[in-house]
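One structure below.
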Amino acid sequence: MTVTTNRPDRILRICPACGRELRIPLQFVGQEVQCRFCNAAFVVSPQAAAEPPEGLRFVGSGVAFEIVRSWTGAPDEDRRSTFLRHPTKQALSDFLVAAECYGPGVLFLGGLEVDSGQPVSLAKVKPGDVRIVPLVNVYHAYFWVKRGQRTRARLIVARL
Ligand SMILES: [Zn+2]
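Numbering (the numbering used here), first residue to last: 2 to 161.
Below, the structure is given as structure tokens:
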């Protein structure tokens, strides 16, 4: 796996404890370092760690699923990705979503309102932030990144 970073003297690694991306100076390969986000200690592998699988998977034993992937905004439009939609346009009030944004872009969550069908903003998740968002009064929930931007994020959707 080839990983490119904008700093040739650094390599990109995923913290095994918190999953965030770290750009580590090359001289630390083979040595133990501490994650600057969660302080977990780990040895910097010369090979890139396997990233979490892209896409959707179920987590735990309840009704919950997790999405971990990168999204890139389209150059000419705000592209929305649906993650939950009620088949008969009823409110998704018994669901909530936990969203963690790793950056570099900001992740936006929105939905379509039950009564009006109009888009409403649900949350803006900045890099390094986690937001827990109840899906109140929307029947369709989606996220997007701004035009031309890219971000990596984890979403966990849970049924209350
Ligand atoms: Zn960490």
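Each residue gets a CB set at the ideal place from its N, CA and C atoms; glycine is no exception. None of these values were measured; they are calculated from a predicted model.
Membership of residue 141 in the beta strand (DSSP E) is indicated by the continuous run 139-145.
Between the segment 13-23 and the segment 138-147, the count of Cβ pairs shorter than 8 Å is below three; the stretches do not touch. Distances between the C-beta of residue 29 and the heavy atoms of ligand 1 are all 6 Å or more. The beta carbon of residue 137 sits closer than 6 Å to the beta carbons of 94 from its chain, once the five residues preceding and following it are set aside; these are given in chain order. Separation of residue 31 and residue 23 (C-alpha to C-alpha, rounded to the nearest whole angstrom) is 15 Å. Around the beta-carbon of residue 149, fewer than 16 other beta-carbon atoms lie within 10 Å, marking it exposed.
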